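Participant: Structure provided below as structure tokens; questions to follow.
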Amino acid sequence: NKEIDFVAKQADAILYVQCAYLLQDESTIEREFSALEAISDNYTKVVVSMDDIILPSKNGILHVQAWKFEGFLGNL
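Here the sequence shown stands for residues -1 to 74, where the numbers follow the working numbering.
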């Protein structure tokens, strides 16, 4: 019942990415993070949004501001 926006693969690594304009309320946060929480592997999972603040990680899932995403990718 859930979908992942992007799945990127390189060699033996996988990156799961959920995108949201703003994580403005608890229901939006739950929707975006829960799709990634349903994946049981240990690859990197990230929610990208245009929020001014960075949310704390949730069950190992990171939150990255959209304008910092390219730098985030460079650090993987």
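Using N, Cα and C, we set each Cβ at its ideal position, and we do this for glycine too.
Here the structure is a predicted model, which means the values were calculated and not measured.
1) How close, in whole Å, do the beta carbons of Q8 and E30 come, if the pair is a contact with beta carbons under 8 Å?
2) Tell me which residue opens and which closes the beta strand (DSSP E) that S32 is part of.
3) Round the Cβ separation of A33 and S47 to the nearest angstrom and send it over; I've been treating them as touching at under 8 Å.
4) Would you check if the distance between the CB atom of Q57 and the CB atom of E35 is smaller than 8 Å?
5) Considering Cα atoms alone, identify which of I27, D50, L13 and T26 is closest to N40.
6) With distance defined between alpha-carbon atoms, name the residue in K66, F67 and V45 nearest to L21.
Facilitator: Taking the structure as given:
1) About 23 Å separates the beta carbon of Q8 from that of E30, a gap too long to meet the 8 Å contact definition.
2) Annotation for S32: no beta strand (DSSP E) segment contains it, though the alpha helix (DSSP H) segment containing it runs E24 to E35.
3) That pair is no contact at about 14 Å.
4) Note on identity: in this sequence residue 57 is Asn, with Gln being the wrong assignment. Cβ atoms of N57 and E35: closer than 8 Å.
5) Restricting attention to I27, D50, L13 and T26, the CA atom closest to the CA of N40 is found in L13.
6) Among K66, F67 and V45, the Cα nearest to that of L21 belongs to V45.
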